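Heads up: the protein sequence lines correspond to chains A and B, in order.
Residue numbers for the first sequence follow our numbering, so the first one is 34 and each next one is one higher.
Residue numbers for the second sequence follow our numbering, so the first one is 34 and each next one is one higher.
Written below as structure tokens is the structure these notes are about.
There are 2 protein chains.
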Amino acid sequence: MQSDSPFRNAAQRESDRVAKRAAVLRAAVQMFNERGFFATSLDDVAASLGISKRTIYHYLANKDQVLLECVTIGLRQLLQAAQEAEQEPGTGRDRLIRFLRRYAEVNMDDFGRCVIRTGEEALAPESRDQFRALKRKIDDALRGLLEKAIEDGSIAPLDVKLTAFVLAGALNWPARWHAADGSMSSEQLSQGMVDILMAGLIPRDA
Amino acid sequence: MQSDSPFRNAAQRESDRVAKRAAVLRAAVQMFNERGFFATSLDDVAASLGISKRTIYHYLANKDQVLLECVTIGLRQLLQAAQEAEQEPGTGRDRLIRFLRRYAEVNMDDFGRCVIRTGEEALAPESRDQFRALKRKIDDALRGLLEKAIEDGSIAPLDVKLTAFVLAGALNWPARWHAADGSMSSEQLSQGMVDILMAGLIPRDA
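So this is what it looks like as structure tokens:
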């Protein structure tokens, strides 16, 4: 196959398709986050890319599939953060902190933000099950990291379920409302939040 | 005025009106929380009360006003919690804890839940300003309680904005996703969450 052919070969066509599909998802997720899922139509998404809604349907079946793909990308980023943290050296606390910081960062990014902002009621019933299953994996990973840090004594022997709930809540929040202070990067904000959660409010020297 | 008259007097009519308006708001807030604001119509709210949408319009002008009233009730409960906490004896930390526990409880109740679940984009622009102004008051109250607890040394000298953001995030979360463990009452859950936030995860005896 000649590289200077005006016809695109199979690999190029596939790479185009992947890039176009990704561009549709990125445009959609930003609009869902800004306007809300129900207030966004695929016509709006198409218009923002200068294409027609029919073109979107070459890549994605319907609005529910668009949303499901967006949240799945976000959830996979979180799962990957957990898997990377589990490989880290150090104590259980070090691995937990590593995960929590990355978790907070992902939640401030487009796809992670969409995971948080999307109520389950927005998804079709069969998509909802997939969404929940992936979320459960991430919750399990967080609980696993907490259990191991309790076992090696690097964190206090807390109620794992409740602690996971508090941590997730605090670190999901930036996805709903913007940063407390716009002057901090998402990395700085993540680190600052995790520091507060790890140390607590009660003075250490008391 | 005879108390056995079949005609209701002005005070009774006013009390009826207030009760009916409150019933409409309660039915609406529960439906908004369950299905989402955009997926709920005033026809659905009316049907759940066995009345017509026209009847709702005797009490409330439109769906935006219904939502604004619902979130305002929730926000006023939070403000009241702050004012009550400020009157409490003890240290700044005691007052902060008192507020945080009540804050978490309100957020698990119908109207507080609606405050959290409602994206600003759901409100009409002029309602949005009112909503934001009330939210700002609550954020100011939380920051004030933190500042005073730092001043009297009963909590560590943390970044007040960021700490308020972490606390609010963690304690708003139960409004979005149900309790980590259904076996806990909202009081127990509030207390457990606030305990974790106050003490942190790092062992105290380390």
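Ideal Cβ positions, reconstructed from N, Cα and C, are used throughout, including at glycine.
All of these numbers come straight from a predicted model, not from anything done at the bench.
query = When the Cα atoms are used, what is the spatial distance from Gln113 of chain B to Leu222 of chain B?
reply = As a position in the second sequence, residue 113 of chain B is number 80, starting the count at 1. As a position in the second sequence, residue 222 of chain B is number 189, starting the count at 1. Straight-line measurement puts the Cα of Leu222 of chain B at about 21 Å from the Cα of Gln113 of chain B.
message = So, at 8 Å on beta carbons, what are the nonlocal neighbours of Phe40 of chain A in its own chain, with the 5 sequence-adjacent residues on each side left out?
response = What you label residue 40 of chain A is simply residue 7 of the first sequence in a count that begins at 1. The answer is none, since no qualifying residue turns up.
request  = List the residues of chain A that Met231 of chain B touches, going by C-beta distances under 8 Å, in chain order.
outcome  = To locate residue 231 of chain B, count along the second sequence from 1; it is residue 198. Those are Gly233, Leu234, Ile235, listed as they occur along chain A.
request  = Please name the residue in A:Glu138, A:Arg87, A:Glu154 whose C-alpha comes closest to that of Thr73 of chain B.
outcome  = What you label residue 73 of chain B is simply residue 40 of the second sequence in a count that begins at 1. Cα-wise, what sits closest to Thr73 of chain B is A:Glu154.
ask   = Taking Ala208 of chain A as the reference, which of A:Ile188, A:Arg150, A:Asp172, A:Met231 has the closest Cα?
value = Within the first sequence, residue 208 of chain A is the residue found at index 175, counting from 1. Scanning A:Ile188, A:Arg150, A:Asp172, A:Met231 for the CA closest to the CA of Ala208 of chain A turns up A:Arg150.
query = For Thr124 of chain A and chain B, any beta-carbon pair shorter than 7 Å?
reply = Residue mapping note: residue 124 of chain A aligns to position 91 of the first sequence, counting from 1. Not an interface residue.
query = In whole angstroms, what is the alpha-carbon distance linking Val227 of chain B and Arg126 of chain B?
reply = Here residue 227 of chain B refers to the residue found at position 194 when the second sequence is read from its first residue. Here residue 126 of chain B refers to the residue found at position 93 when the second sequence is read from its first residue. If you draw a straight line from the Cα of Val227 of chain B to the Cα of Arg126 of chain B, it comes to about 12 Å.
ask   = Along chain C, in chain order, which residues have C-beta atoms closer than 8 Å to that of Thr196 of chain A?
value = Looking at the structure shown, chain C is missing, and the protein chains on hand are A and B.
key: Exposure label - Arg87 of chain A; buried when at least 16 CB within 10 Å   = Counting from one through the first sequence, the residue named residue 87 of chain A turns up at place 54. The residue in question, Arg87 of chain A, is exposed, as its Cβ has fewer than 16 Cβ neighbours within 10 Å.
key: Per-residue contacts from Asp77 of chain B into chain A (C-beta, under 7 Å)   = For this step, residue 77 of chain B is matched to residue 44 along the second sequence. Residues of chain A passing the Cβ test: none, with the nearest at roughly 14 Å.
query = Are the C-beta of Val148 of chain B and some C-beta of chain A separated by less than 7 Å?
reply = Taking the first residue of the second sequence as 1, we reach residue 148 of chain B at position 115. The beta carbon of Val148 of chain B does not come within 7 Å of any beta carbon belonging to chain A, so the residue lies off that interface.
Neighbour flag for Val199 of chain A against chain B, beta carbons, 7 Å = As a working note, residue 199 of chain A is residue 166 in the first sequence. Interface residue, yes.
query = Counting contacts by CB-CB distance shorter than 7 Å, is Met64 of chain A in contact with chain B?
reply = To locate residue 64 of chain A, count along the first sequence from 1; it is residue 31. Answer no: the Cβ-Cβ gap between Met64 of chain A and chain B never drops below 7 Å.
task = Anything in chain A within Cβ reach of Phe164 of chain B, meaning under 8 Å, just list it in chain order.
result = Residue numbering aside, residue 164 of chain B sits at position 131 when the second sequence is read from its first letter. Correct list: empty, because the minimum Cβ distance to chain A is about 12 Å.
ask   = Would you say Gly177 of chain B faces chain A, with C-beta separation under 7 Å as the test?
value = Translated into the one-based positions of the second sequence, residue 177 of chain B becomes position 144. Residue contact with chain A for Gly177 of chain B: absent (no Cβ-Cβ distance below 7 Å to any residue of chain A).
query = Which residue's Cα is closest to the Cα of Thr105 of chain B: B:Arg134, B:Pro158, B:Ala189, B:Ala166?
reply = As a first step, residue 105 of chain B must be located in the second sequence, where it is residue number 72. Checked all of B:Arg134, B:Pro158, B:Ala189, B:Ala166; the closest Cα to Thr105 of chain B is B:Ala166.
request  = From the DSSP output, in three-state form, read off Gly233 of chain B for me.
outcome  = What you label residue 233 of chain B is simply residue 200 of the second sequence in a count that begins at 1. Of the three classes helix, strand and coil, the one that applies to Gly233 of chain B here is coil, per DSSP.
ask   = Which of helix, strand or coil does DSSP assign to Ala213 of chain B?
value = Position 180 of the second sequence holds residue 213 of chain B. Confidence at Ala213 of chain B is low in this model, with a pLDDT of 48, below 50, so the placement of that residue is unreliable and no value is reported for it.
query = Among A:Lys96, A:Val78, A:Arg146, which one has its Cα closest to the Cα of Gln110 of chain A?
reply = In the first sequence, counting from the first residue as 1, residue 110 of chain A sits at position 77. With distances taken between CA atoms, Gln110 of chain A lies nearest to A:Arg146 out of A:Lys96, A:Val78, A:Arg146.
inquiry  = Here's the rule: buried if 16 or more other CB atoms are within 10 angstroms of the residue's CB, otherwise exposed. What is Gly83 of chain B?
reply    = For this step, residue 83 of chain B is matched to residue 50 along the second sequence. Looking at its Cβ environment, which holds fewer than 16 other Cβ atoms inside 10 Å, Gly83 of chain B is exposed.
ask   = Rounded C-beta distance between Glu202 of chain B and Gly225 of chain A? I'm assuming under 8 Å.
value = Within the second sequence, numbered from 1, the residue matching residue 202 of chain B stands at position 169. Within the first sequence, numbered from 1, the residue matching residue 225 of chain A stands at position 192. Reading off the sequence shown, one finds Gly at residue 202 of chain B, where the question assumed Glu. Rounded, the Cβ-Cβ distance is 12 Å, inconsistent with contact.
inquiry  = Between Met141 of chain A and chain B, is the shortest Cβ-Cβ distance under 7 Å, so that the two count as touching?
reply    = Indexing the first sequence from 1 puts residue 141 of chain A at position 108. Not one chain B Cβ lies under 7 Å of Met141 of chain A.
request  = Say whether chain B places a C-beta atom closer than 7 Å to the C-beta of Gly225 of chain A.
outcome  = Here residue 225 of chain A is taken as the residue at index 192 of the first sequence, counted from 1. Interface residue, yes.
query = In angstroms, rounded to a whole number, what distance separates the CA positions of Asn205 of chain B and Leu200 of chain A?
reply = Position 172 of the second sequence, counting from 1, holds the residue named residue 205 of chain B. Position 167 of the first sequence, counting from 1, holds the residue named residue 200 of chain A. Note on geometry: alpha-carbon atoms of Asn205 of chain B and Leu200 of chain A lie some 12 Å from one another.
request  = Answer yes or no: does any C-beta atom of chain B fall closer than 7 Å to that of Gly202 of chain A?
outcome  = Along the first sequence, one-based indexing puts residue 202 of chain A at 169. Interface residue, yes.
Contact under 7 Å by Cβ, Ser81 of chain A with Ala60 of chain A = Position 48 of the first sequence, counting from 1, holds the residue named residue 81 of chain A. Position 27 of the first sequence, counting from 1, holds the residue named residue 60 of chain A. For Ser81 of chain A and Ala60 of chain A, yes; Cβs fall inside 7 Å.
key: Assigned secondary structure, Glu180 of chain A (DSSP; H/G/I helix, E/B strand, else coil)   = For the purposes of this step, residue 180 of chain A is taken as residue 147 along the first sequence, with counting starting at 1. Residue state, collapsed to three classes: helix.
query = How close, in whole Å, do the beta carbons of Arg176 of chain B and Val148 of chain B come, if the pair is a contact with beta carbons under 8 Å?
reply = As a working note, residue 176 of chain B is residue 143 in the second sequence. As a working note, residue 148 of chain B is residue 115 in the second sequence. Incorrect: roughly 18 Å between the Cβ atoms, too far for contact.
key: Expected contact under 8 Å - CB spacing of Val57 of chain B and Leu93 of chain B to nearest Å   = In the second sequence, residue 57 of chain B corresponds to position 24, counting from 1. In the second sequence, residue 93 of chain B corresponds to position 60, counting from 1. About 6 Å separates the two Cβ atoms, so the contact holds.
inquiry  = Strictly under 7 Å for the Cβ-Cβ distance: is Ala61 of chain A near chain B by that measure?
reply    = Reading the first sequence from its first residue, position 28 is the one you call residue 61 of chain A. By this cut-off, Ala61 of chain A is not an interface position.
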